Amino acid sequence: MSENHSHSTHDAQADARNDNIKIWVNGDLVHKDEAKISVYDSGFMLGDGMWEGMRLYDGEWAFFDEHMDRMFNSLKTVSIDLGMTPADVRDILDKTAAANGMTSDAHVRLMITRGKKSKPFQHPGLSKWGPTVVAIMEHSKPAESLQGQGIRLATVPQVRGLPMSQDAKYNSHSKLNCVIACLQAEQAGADEALMLDPHGFVNTTNACNFFIVRRGEVWTSTGDYCMNGVTRQKVIDLCRANGIPVHEKNYSLYEAYGADEAFLSGTFGAQTPVAEIDGKSIGTGDRPVMMRIRALYKELVAADVAKQKATRP
Ligand SMILES: Cc1ncc(COP(=O)(O)O)c(C=O)c1O
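Just so we're aligned: the sequence shown equals residues 1 to 313 in the UniProt record's numbering.
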């Protein structure tokens with residue numbers, strides 16, 4: 001491994017304003033120190049809930065419709081009735097942003113659980129009072145060191161599994177599968193984990209989707225065993241629209257180690273370069289394809305924000 005520069009894909013620049021943010025908790029906006037839910041909540045007790053991470057640009061939540069599609073699909077799959085429309089959700093986000101004086105460079109973790117239970121046991125029917133809705137919104141600028149140095153990944157034994165165990169597409173409150181992977185990577189001296197699929201093909205990291213670039217082509221996993229990342233899909237769409245060859249396919253560590261570039265995608269950091277995998281440097285450190293995709297992604301966010309502004313009721 002190269003010199004110690006330990007960090008994670010969600011490192012943000014320090015911002016003292018985050019000590020005094022207001023958090024949405026079931027209809028109330030309360031100071032961070034006072035924001036509380038019951039110890040009987042299904043999210044706390046069982047990890048029984050779903051969440052979305054979104055970024056605020058110029059007053060709009062980038063790719064809001066896509067995030068809502070995924071969230072409502074996930075909630076339906078686990079029979080959590082939010083009792084709200086996407087417009088109601090936007091209203092919660094708008095009120096929380098206004099209470100915190102945020103218009104740009106903010107990130108929200110919107111969390112919905114099955115709600116408070118009458119007894120400390122697993123049965124979903126024990127959640128009798130409807131869902132718990134929490135929105136934690138922080139001032140957020142990804143740390144600049146992420147772009148300069150890149151992330152060091154280690155391949156780990158923990159896999160993201162078959163859809164009939166816990167589908168990797170659930171953005172569930174329980175991230176234990178990913179947390180175990182991240183611990184294994186840290187114990188191997190890396191920043192984050194590169195997770196394989198059940199067949200041994202390169203799949204995803206514990207918190208982001210994963211891409212390699214080989215001879216000008218962008219490769220990512222089939223998508224069968226990883227999060228259906230909004231950013232992942234945007235990267236694929238941008239490549240297709242801009243003449244960059246892109247493939248969703250099986251490939252192994254052999255091709256990953258020998259890649260010219262590797263990068264992660266996710267709402268928080270957009271595209272984040274990978275410096276090393278298992279102690280092996282990736283490429284020369286020049287990242288022309290990722291840089292081009294980053295520039296295209298920035299333009300796409302701006303276009304989406306402009307479109308949302310134009311269609312606000
Ligand atoms: C495991 C995992 N992969 C990938 C992503 C990135 O998804 P998105 O691009 O929608 O932020 C996330 C974010 O929630 C995630 O938890």
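Note that beta-carbon positions come from the ideal geometry of N, C-alpha and C, so glycine has one too. All figures in this text were calculated on a predicted structure; none of them were measured in a lab.
{"Item": "Please classify Asn-26: does DSSP put it in a helix, a strand, or coil?", "Value": "coil"}
{"Item": "How many Å lie between Glu-66 and Asn-228 at the Cα?", "Value": "11 Å"}
{"Item": "Can you give me the start and stop residues for the alpha helix (DSSP H) that Thr-222 sits inside?", "Value": "Counting along the chain, Thr-222 falls outside any alpha helix (DSSP H), and DSSP gives it neither H nor E."}
{"Item": "Taking only three categories from DSSP, how would you classify Tyr-40?", "Value": "coil"}
{"Item": "In the structure shown, what three-state DSSP assignment does Phe-63 receive?", "Value": "coil"}
{"Item": "Counting only the same chain and skipping the five closest in sequence on each side, list residues whose C-beta sits under 7 Å from that of Thr-45.", "Value": "Here the sequence assigns Met to residue 45, which means Thr is not the residue at that position. Once the five neighbours on either side are set aside, the close Cβ partners of Met-45 are Lys-117 and Pro-120."}
{"Item": "Let's see if you can read the secondary structure: which residues bound the alpha helix (DSSP H) around Met-164?", "Value": "163-166"}
{"Item": "Using a Cβ-Cβ cutoff of less than 6 Å, which residues in the same chain neighbour Ile-236 once the five nearest sequence positions on both sides are dropped?", "Value": "Val-246"}
{"Item": "Can you give the Cα-Cα distance for Ala-154 and Pro-313, rounded to whole angstroms?", "Value": "47 Å"}
{"Item": "Using the Cβ count rule (16 or more neighbours within 10 Å means buried), how would you classify Gly-283?", "Value": "buried"}
{"Item": "Out of Arg-152, Asp-167 and Ser-79, which has the shortest C-alpha to C-alpha gap to Ser-127?", "Value": "Ser-79"}
{"Item": "Please determine whether the Cβ atom of Gly-43 lies at a distance below 6 Å from any heavy atom of ligand 1.", "Value": "no"}
{"Item": "Please state whether the Cβ-Cβ distance between Asp-191 and Arg-152 is less than 7 Å.", "Value": "yes"}
{"Item": "Counting along the chain, where does the beta strand (DSSP E) carrying Met-111 start and finish?", "Value": "106-113"}
{"Item": "Looking at Val-230 and ligand 1, is the gap between the Cβ and the nearest heavy atom below 6 Å?", "Value": "yes"}
{"Item": "Is it the case that the Cβ atoms of Gly-150 and Thr-132 are separated by a distance below 7 Å?", "Value": "no"}
{"Item": "Can you check whether the C-beta of Val-108 is within less than 7 Å of a C-beta belonging to chain D?", "Value": "This model lacks chain D altogether, as it is built from one protein chain only."}
{"Item": "Out of His-10, Glu-299, Ser-281 and Gln-308, which one is the CA nearest neighbour of Glu-144?", "Value": "His-10"}
{"Item": "Can you list, in chain order, the residues of its chain with a C-beta nearer than 7 Å to that of Cys-226? Leave out the 5 residues immediately preceding and following it.", "Value": "Arg-160, Ala-168, Asn-203, Thr-204 and Asn-209"}
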